[in-house]
Amino acid sequence: MASKDTILIFEAHSDDAVIGMAGMILNIKEIKDIVLITCTIGDTGYSNEEEKTTIVEKRRKESLESDLLLGIKEHIFLDNPCQNLQNDLKNYHQVIEIIRKYRPSQIFTHKSPSKHRDHRNCHDLVTEAWWKASENILPELGDPIRVPILYTFEVTDLFEFPHSIVDIGDITPKLEVLRKFESQMGVLPGIENFVEGLALVRGFQGGFTYGEAFQKSDFMATPIRFAKKT
Ligand SMILES: [Zn+2]
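According to the working numbering, the sequence shown is numbered sequentially starting from 291.
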């Protein structure tokens with residue numbers, strides 16, 4: 291289970307992490323364990339009335355199929371209502387508990403600012419919990435851990451000056467994963483072109499063909515360690 295190679299990815303909706311970072315997940319071999327946490331059930335993500343009663347189940351199924359392609363073995367669904375993810379004490383404590391339980395080497399979540407309220411609240415919950423998980427407080431939520439890095443990814447709101455670009459190689463496998471979210475193709479028409487176009491832009495900025503952009507959070511300071519004079 292938890293190891294030094296575990297990374298936690300917190301997303302608001304079931305396709306966000308795929309849009310933001312599937313290329314990296316598919317290409318980084320040294321990451322052994324990825325735990326994906328989806329904060330909402332996706333109940334408002336339907337584009338025709340007939341899907342209204344089946345959309346939650348459908349999106350869950352799409353998500354699990356996507357996990358198979360990405361090699362994600364553990365997926366936690368927090369089951370908050372869509373467009374109503376709250377930055378409240380319950381969710382905040384739940385995120386602290388997850389961070390302390392899995393003790394990851396890196397955390398990924400949504401960038402800020404974002405127009406979507408669920409993306410914003412997911413970002414705010416996770417970044418604050420990242421810091422609070424490091425403090426010697428709330429022992430009932432687990433042993434404190436200072437996770438060294440939190441990166442943010444972009445979905446449809448974009449970074450102006452991203453810190454980091456990852457070479458994702460070929461775009462085809464990422465698009466194959468994206469197509470698993472069939473129910474969202476009507477909600478986000480043209481999303482496949484958007485994802486490919488953005489990957490070309492980010493690739494150009496990084497000196498590759500296709501890329502993905504990330505921003506290192508400065509919400510918590512990064513300690514600088516060096517050998518001291520004796
Ligand atoms: Zn989303």
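C-beta: ideal position from N, C-alpha, C; glycine also.
Rounded to the nearest angstrom, what separates residue i and residue j at their Cα positions?
i	j	result
E387	P429	10 Å
D447	K405	7 Å
M475	A307	16 Å
V346	S304	10 Å
T499	I324	26 Å
C372	H409	11 Å
A419	V385	6 Å
I481	R469	10 Å
F449	F516	32 Å
I331	K422	26 Å
D295	T399	17 Å
For residue i, write down the residues that DSSP places opposite it in a beta bridge.
i	result
L298	V325, I397
T442	T399, Q505
F471	DSSP lists no partner for F471.
V456	E502
Use the C-beta contact count for residue i: other C-beta atoms within 10 angstroms, 16 or more gives buried, fewer gives exposed.
i	result
T343	exposed
M291	Legend: pLDDT at M291 = 40, less than 50; position of this residue unreliable, value from coordinates given subsequently. Exposed, since its Cβ has fewer than 16 Cβ neighbours within 10 Å.
N411	buried
G487	exposed
P438	exposed
I309	buried
T520	exposed
So, with DSSP's three-state summary, where would you put residue i?
i	result
Y336	coil
I362	coil
T462	helix
D369	strand
T330	strand
G432	coil
A489	helix
F449	coil
Q376	coil
With residue i and residue j assumed to form a contact (beta carbons below 8 Å), what rounded beta-carbon distance in angstroms separates them?
i	j	result
N374	N381	N374 to N381, Cβ: 11 Å. No contact.
G496	I455	3 Å
F509	H453	No, F509 and H453 are not in contact; Cβ-Cβ is about 14 Å, not under 8 Å.
A312	K464	5 Å
S424	K348	That pair is no contact at about 38 Å.
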